[in-house]
């Protein structure tokens with residue numbers, strides 16, 4: 001009998017591709033914010049896009065050729081990078097993601113298919129010895145597969161509250177922050193809207209006391225003159241004085257305060273906030289920031305490797321260098337330093353750089369500059385004669 005599902009509520013399945021598990025703040029544990037709304041937040045989109053793209057750029061190396069072939073070409077409906085980025089983006093948004101393994105009668109993998117969390121319901125076996133899944137496929141010919149064993153599903157998880165059986169969304173930690181951000185945005189828009197509605201003050205200096213009707217009529221006539229001026233000057237007589245309004249400094253401060261949530265979003269995903277807003281800690285060097293980001297990628301990569309190694313029975317390793325050093329300059333600098341210190345020979349350094357495709361395989365062998373040597377020999381001979 002089902003003990004739990006993705007949502008943590010028996011017998012129910014929450015669409016975590018369209019519903020991210022964090023509360024909207026209306027005192028109900030059943031209310032969620034959609035992924036579409038979450039990704040409309042520029043900081044969340046930036047964090048998800050960068051992390052998922054870099055995780056998809058990591059080289060996953062398996063010791064079994066069939067598994068390596070599936071990692072390199074998992075899907076027939078998408079390219080490799082787009083497939084893995086979609087899987088990892090879902091993992092970062094909802095805390096878990098799923099891949100169904102299409103296998104033949106011998107248990108050999110034929111292809112992998114990404115399935116949305118809305119298509120999957122996760123259950124615990126009655127004896128507690130494992131999990132099984134009910135999966136609803138979009139293809140009418142396939143329909144619903146019930147009691148799918150856990151060996152047929154790659155189930156990636158992040159932080160879990162039930163022993164690693166399911167994952168929870170990192171966005172659940174942003175409940176209070178996003179409520180404050182939403183209220184701050186509403187307050188800022190209201191302040192700007194009111195400032196725009198009242199563009200200035202028209203003062204009648206010697207007109208005596210005007211009733212409300214006369215004031216409204218005079219204001220309407222003045223605004224009509226402004227609208228029809230086509231950028232020309234506004235004409236006033238000696239009895240009128242116009243003063244335009246400006247956005248007050250406190251409203252400008254309010255606008256600057258709306259960026260503070262980027263640090264919170266960066267914090268829950270474990271990345272330096274400079275990756276989101278381009279500033280961050282001004283005292284941190286570029287190498288320190290890159291090191292922090294490399295540690296974050298390694299933590300997410302270990303969650304991915306844990307599932308791949310367990311389900312595929314292969315020894316899979318991850319090389320995160322292509323994600324953190326795509327050009328290879330840092331790697332080349334480290335190799336050069338090791339060569340300078342005598343740890344590596346020149347031919348070993350060249351081999352390492354060629355293996356990483358930093359140098360071409362057809363690199364010609366180094367030759368001595370004969371002219372330079374001759375000139376040096378001549379100078380040395382003259383110095384010897386003079387001596």
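Residue numbers (the UniProt record's numbering): 1 to 387.
The C-beta atom is built at its ideal place from N, Cα and C for all residues, glycine as well.
Just so we're clear, the structure is a prediction, and the values are computed from it rather than from any experiment.
Every unbroken alpha helix (DSSP H) inside the region 33-80 [4 residues or more]: Complete alpha helix (DSSP H) runs here, min 4: 35-39, 42-57 and 65-72.
Are the CB atoms of residue 276 and residue 43 nearer to each other than 9 Å? By the CB criterion at 9 Å, residue 276 and residue 43 fall inside the cutoff.
Mind the definition here: the region 111-118 touches the region 64-84 only if three or more C-beta pairs lie below 8 Å; say whether that holds. By the Cβ test, the region 111-118 is in contact with the region 64-84, since at least three Cβ pairs between them sit closer than 8 Å.
Are the Cβ atoms of residue 318 and residue 301 separated by less than 9 Å? Taking 9 Å as the Cβ cut-off, residue 318 and residue 301 qualify as a contacting pair.
Might you give, ordered along the chain, the residues of its own chain that have their beta carbon closer than 7 Å to the beta carbon of residue 294, omitting 5 neighbours on each side? Excluding positions up to five away in sequence, the list reads 320 and 324.
Less than 9 Å between CB atoms is the rule here; does residue 95 satisfy it with respect to chain D? Absent here is chain D; the protein component of the structure consists of one chain.
Under 8 Å: do the region 329-347 and the region 92-107 share three or more Cβ pairs, one atom per stretch? No, they do not touch.
Assigned exposure category for residue 310 - 16 Cβ within 10 Å defines buried: Result: exposed.
What residue ranges within the region 123-189 form continuous alpha helix (DSSP H) runs of no fewer than 4 residues, ordered along the chain? List check, alpha helix (DSSP H) in window: nothing returned.
Buried or exposed by the 16-neighbour rule on C-beta atoms within 10 Å, applied to residue 81: The residue in question, residue 81, is exposed, as its Cβ has fewer than 16 Cβ neighbours within 10 Å.
Between which two residues does the alpha helix (DSSP H) harbouring residue 357 extend? Membership of residue 357 in any alpha helix (DSSP H) is not indicated, and neither H nor E is assigned to it by DSSP.
Flag this pair as yes or no: are the beta carbons of residue 60 and residue 98 separated by less than 9 Å? No, Cβ-Cβ distance for residue 60 and residue 98 is not below 9 Å.
Restricting to Cα atoms, I'd like to know which of 334, 363, 304 and 360 is closest to residue 85. Nearest in C-alpha terms to residue 85, of all of 334, 363, 304 and 360, is 304.
Minimum C-alpha distance to residue 150 - residue among 175, 160, 140 and 102: Selected option, being the one with the closest Cα: 102.
Go ahead and label residue 54 buried or exposed: buried means 16 or more other beta carbons lie within 10 angstroms of its beta carbon, across all protein chains shown. So residue 54 counts as buried.
Using the Cβ count rule (16 or more neighbours within 10 Å means buried), how would you classify residue 12? Here residue 12 scores only 34 on pLDDT, less than 50, and its place in the model should not be relied on; the value that follows carries that caveat. So residue 12 ends up on the exposed side.
Could you round the C-beta distance between residue 167 and residue 176 to whole angstroms and report it? I think they count as a contact, below 8 Å. So it is not a contact: roughly 21 Å between Cβ atoms.
Taking its Cβ as the centre, do 16 or more other Cβ atoms sit within 10 Å of residue 272, making it buried, or is it exposed? Buried, by the Cβ-count rule.
Report the option in 267, 50, 123 and 216 whose CA atom is closest to the CA atom of residue 146. 123 is the residue among 267, 50, 123 and 216 whose C-alpha sits nearest the C-alpha of residue 146.
Opening and closing residue of the beta strand (DSSP E) in which residue 307 lies: Per DSSP, residue 307 is not a residue of any beta strand (DSSP E); the alpha helix (DSSP H) it occupies stretches across 286-312.
Quick one: give me the first and last residue of the beta strand (DSSP E) that residue 327 is part of. Here residue 327 belongs to no beta strand (DSSP E), and DSSP marks it neither H nor E.
Between which two residues does the beta strand (DSSP E) carrying residue 262 extend? Boundaries for residue 262: no beta strand (DSSP E) harbours it, while the alpha helix (DSSP H) harbouring it runs 261-269, taken from the DSSP string.
Once DSSP output is grouped into helix, strand and coil, what is the label at residue 19? Confidence is the limiting factor: at residue 19 the pLDDT is only 33, short of 50, which leaves the residue's position unreliable, though a coordinate-based value still follows. Residue state, collapsed to three classes: coil.
Same chain, Cβ closer than 8 Å to residue 470, neighbours up to 5 away in sequence not counted: This structure gives no information on residue 470, because the portion of the chain shown stretches from 1 to 387.
Member of 296, 346 and 351 whose CA lies at the smallest distance from the CA of residue 52: Ranking 296, 346 and 351 by Cα distance to residue 52 puts 296 first.
Spatial neighbours of residue 144 in its chain, beta-carbon cut-off 6 Å, leaving aside the 5 residues before and after: Taken in chain order, the residues that qualify are 136.
Can you give me the Cβ contacts of residue 83 inside the same chain, cut-off strictly under 7 Å, excluding the 5 residues immediately before and after it? Correct list, in chain order: 74, 75 and 114.
Please tell me whether residue 38 and residue 266 are closer than 9 Å, where the distance is taken between their beta carbons. Between residue 38 and residue 266, the CB-CB gap reaches or exceeds 9 Å.
Please go through the same chain and pick out, in chain order, the residues whose beta-carbon is closer than 7 Å to the beta-carbon of residue 352, but skip the five residues on each side of it. Taken in chain order, the residues that qualify are 335.
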